[in-house]
Each structure stands twice: as C-alpha cells, then as structure tokens.
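Chains as they are written, first to last, in our numbering: chain A, 109 to 293; chain B, 109 to 293.
Glycine is no exception: its CB is placed at the ideal position from the N, C-alpha and C atoms.
Below is one structure; the comments refer to it alone.
2 protein chains.
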Amino acid sequence: MPHLLLKDLPRYECLLEAAKEFPELDPSACEAFLHLLRAGDEAFVAMERNLTAHNISHGRFGVLMLLAQNCDDCGGTGAMTPAELADQTRVTRATMTGLVDTLERDGFVSRTVDANDRRMMRVGLTPQAHAFLEQLLPGHFQLMASLMAPLSQTERKTLVTLLNKVIQNAATLNASSAQSFASGR
Amino acid sequence: MPHLLLKDLPRYECLLEAAKEFPELDPSACEAFLHLLRAGDEAFVAMERNLTAHNISHGRFGVLMLLAQNCDDCGGTGAMTPAELADQTRVTRATMTGLVDTLERDGFVSRTVDANDRRMMRVGLTPQAHAFLEQLLPGHFQLMASLMAPLSQTERKTLVTLLNKVIQNAATLNASSAQSFASGR
DNA sequence: CGATTTTCGTTAGGAGCCTAACCGTTAGCC
DNA sequence: GGCTAACGGTTAGGCTCCTAACGAAAATCG
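Dropping the structure here:
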C-alpha cells in the first residue's frame, strides 16, 4: 500500500500565495492535480486492502482477471503467454515471471510450453482460480459501488468525461517524454 | 513507478454484460472507479518521472516539501520530528527513518537531538535543500499545469468538487475498515 | 546452410514501502 | 525513589515492483 502526498491538501489561498513566488504555478491546475492524486490513492488503498484480505496482491489479481476475461470473451482456453500478460497488465516481463511463479505455487495457474514455439509458455487458469474469483469478485464490485456511492449517475458520467481528457493527455505526455528519454535525453 | 490495472479500460458494454453475471456490479460506479484509478496513476507516474530525473524519489520529495512549507508558513525554523514528518506525509515512522537517512547522506537535512526530550530528533533543511527546491519546483509546477491543460477553469472546479466527494467518502470507508481490522475482523 | 539478429522467459540485484520487534528515554503511580 | 507503562526512533526482514544482463530457441539473410 503506497502512501501519497501530504496528509492535508493545501488550501486554495495557500496556492494563490505560493503562485506569487513561483510564476509557473497554476493554482487551479495544481489543486486539480493534487486532488486527483489523493482520490486515486484513496481508491487504490481501498481496493488493495480488500484484495490483501483475501491473500492476493494487486499484481496477481490483475493476471487472474485478465486470464478470466480472455477465457470468457473469445470462448478461448484463456491461455496466454507471459509477454502478452505483461503487456496487458502494464508490468515488465521480469515482474510477470515472479507473479506467475507465485500464482503457480498457489495453484491458480499452470505453465506449459508451447508445442510450436519452444521459447514460449502458455499460462492458463486452474478450476481453483475460477472458484476463487467467483468468491472474491462480489465483494470487489461492492467496494467499487460503495466508493462511488456519493456520486449520482450524471456526476459519474461527468467525472469519467473529465478524467478521460486527463488520461488522454497524460498518455501523450508520458509517451513523448519516455521517447525523448530513450533517444538520449 | 507503479503499474496500474489493465492496458485497455473495459468498454461500457462489457461492464453491462458482466453485470448480468454479477448482480453486485454497478456499471457506472465501476467505470468511474477504473477511470479514477487510471487517471491517478498516469498523473503519478508523470510526476515521479520528473522527480527521478532530478535524482529524488517521491517519498524524499514529500519530506522536503513539508519541511520547506513548515519553514515558510510559521516563520519557524522548519525543524520537525520524524514522527511529525511520518504523520504528515502518510508514511510509517520506520519508513521515515530511511528517508531521513538518505536525505541526511545527500546533505539535504540535518539531524539534531532535542535538548529537552532526549528521545526526540529535530530534522531541519540545509541551505543546499532550499537551493535544490528552487531549482526543481518550477518544472514541477509546469508539469502539473501541462497535465491539466486540457481542462478549462470551470471543468477543474467541477473535477475538484467531484473528487472531494470521493475523497471524503473513501477516507471514511478506509478509516472504518481499518478500525474493524484492528478490533479483530 | 551457417552466422547474425531478434524474441522469449528467467535470473540477479536494487529501491521503496511495509510490519514487528528492539532499545533508550520519559512519565505515572504506589 | 523505584517499577511499570508509554513513547520516540531504529533495526530486521519481507513484499512488490523495477532495470540490466543472460541463455535458449526461432527468424533472417548472405
């Protein structure tokens, strides 16, 4: 469970005050940014607390959900390679190795080598994992519902619209700055 | 830099579909929750990337900001105890020991024992830290501004209002569930 | 066909945070 | 005043994630 930021978010007057010293500081942008960070963190720790109560980490949960979804959607077997899993869950391949290690140890997934390409592995859910998810998910969904309870339907739609603008923008900024980093500064 | 969630957020139709299987799933709540998590993560990694470019971690940055703020606000010396720092930055005291260790090693803070209570330490900023912050902060503020650039002033206000509702609610839920955990389930 | 390059999964090592247990110091209480 | 409890900071050990470097298998190409 990560921490995040200061206990008390700064009052808006303080931001206006600080803006006098730093002309780069945009008070309304700063306020929105800090609130976004805090709200995201609160949501994250709430979710993580629920997951750890079931003895599963956020990373492992992501793998299980992805495999389950892949199983349901395409009517496929639900087997995926570690590289696919790492890409979809936004984790490095090295991390995925560790996640699959513990999931396999706990009996939630099975590893088999691909018959056609002997470099590849196929990771699939066990029946035990399906049972575990069916027992876990209702509480997970209830948590989301209770967290968003104070928002009306229209407020939720508004929130999603605003957040989408930030997400799109951030993805562009992050990608371009990552690129400028890769190309030597 | 943490990862977060799946690469592609689920489409709303998929949530509606999943709701048929899980009656606890509230599609609009789930959508808002996932977008919040993603937006918060994007903002977080953008900030963290900027900080690591200056060879400082998010945790250490929080300590510096808090000490600087404490110095400016009250006209005080800016010296705080590790326990105060831990409380305000939402980190355990053990973690704060490590943060102060590295900050002291890098010449950003100094530790002195309290004269009245020999259990306590006083952590204060060095001139070097002030110089460092003055060099770092403009870029930090510019980052926030560019992240929130696609939102108008009124949209930012709306966003803050909506996020505040979530923050308040989450703080209550997290506190009560932490309490129920402390009292033995 | 053999040599190079690419791709896959893994290992090794590090950073940041956590909990639990620890000493030294102070405060409360007969 | 001495014994116990509470408090402040630290240490020890664990978890999750990361980057970097590695061998094995496949693809590419002269």
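Interface criterion not met: the Cβ of residue 243(B) is under 8 Å from no Cβ in chain A. The three-state secondary structure of residue 189(A), taken from DSSP, is coil.
Between residue 194(A) and residue 200(A), the CB-CB gap stays under 8 Å. With a cutoff of 8 Å on beta-carbon distance, residue 187(A) and residue 215(A) are scored as not near each other. For a Cβ distance threshold of 8 Å, residue set 144, 145, 147, 148, 149, 151, 152 of chain B lies close to residue 148(A), ordered along the chain. As a beta-bridge residue in DSSP terms, residue 229(A) pairs with 221(A). Taking every protein chain shown into account, the CB of residue 135(A) has 16 or more other CB atoms within 10 angstroms, so this residue is buried. Counting along the chain, the unbroken alpha helix (DSSP H) around residue 154(B) starts and ends at 135-161. The Cβ neighbour count for residue 124(A), taken over all protein chains shown within 10 Å, is under 16; the residue is labelled exposed. Within its own chain, the residues whose Cβ lies closer than 6 Å to the Cβ of residue 167(A), once the five positions on either side in sequence are excluded, are 207, listed in chain order. Closest in C-alpha terms to residue 239(A), from the list 176(A), 254(A), 269(A), 273(A), comes 176(A). Each residue's CA atom was taken as its position, placing residue 245(A) and residue 253(A) some 12 Å apart. Put simply, the segment 261-280 of chain A does not touch the segment 219-236 of chain A. Fewer than three CB pairs are less than 8 Å apart. For residue 257(A), no alpha helix (DSSP H) segment is defined, and its DSSP state is neither H nor E. Residue 155(A) sits close to residue 251(A), with the two beta carbons spaced by under 8 Å. For residue 192(A), the closest Cβ of chain B is not nearer than 8 Å. In the DSSP annotation of this structure, the continuous segment of the alpha helix (DSSP H) that includes residue 203(A) starts and ends at 201-213. The three-state secondary structure of residue 117(A), taken from DSSP, is coil.
In summary, residue 196(B) is buried, with 16 or more beta-carbon neighbours lying within 10 Å of its beta-carbon over all protein chains present.
The beta-carbon separation of residue 249(B) and residue 130(A), rounded to 6 Å, stays under the 8 Å limit for a contact.
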